[in-house]
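The working numbering numbers the first residue of the sequence shown as 344 and each following residue consecutively.
Every residue gets a Cβ at the ideal spot worked out from N, C-alpha and C, and that includes glycine.
Here the structure is a predicted model, which is why all the values come from computation and not from measurement.
Scroll down for the structure; my scribbles are underneath it.
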Amino acid sequence: TLYNVIFDVMQARGWKETEEDLDWDFHWADKQWMCEVFDHVHLNDRQRVNHFRNYYELCRKDLLVKNLKRMKRTLEREGKLDEAAQYDFMPPSFVLPAEYGMFQEEFKKNPGAVWI
């Protein structure tokens with residue numbers, strides 16, 4: 344499994360597993376740990392975790408698109424049009440079935456387009 348590969352690599356680099364709650368350099372956290380513990384501890388500069396709070400906002404494609412669009416709108420409102428234009432790389436994206444009507448409109452405007 345993925346966990347075993349990471350664990351094996353860390354061991355090969357000379358890292359050692361610890362039973363300490365907060366004395367570590369790297370913590371392979373699960374979602375539950377992030378929700379229950381992360382907000383209540385102070386990490387040292389040397390400490391790393393494999394997740395961050397609300398990581399799914401960037402890991403889920405629908406939420407990634409939502410956040411990129413939000414950032415582009417924010418930059419446009421602030422008058423930073425050149426910077427906002429850098430967000431034009433995104434293809435049209437839809438969350439189905441909720442946005443099926445918008446998808447149909449876009450499909451009709453671009454009948455020869457490639458859809459993923």
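Is residue 369 helix, strand or coil when you go by DSSP? Correct three-state label for residue 369: strand.
CB contact flag (residue 408, residue 433, <8 Å): Cβ atoms of residue 408 and residue 433: closer than 8 Å.
Would you mind stating whether residue 396 and residue 377 have Cβ atoms separated by less than 8 Å? Remark: C-beta atoms of residue 396 and residue 377 approach each other more closely than 8 Å.
Buried or exposed (CB count within 10 angstroms, at least 16 for buried), residue 383: By the beta-carbon neighbour count (other beta carbons within 10 angstroms, threshold 16), residue 383 is exposed.
Residue 457 by DSSP, collapsed to three states: which one? In this structure, residue 457 counts as coil in the three-state DSSP scheme.
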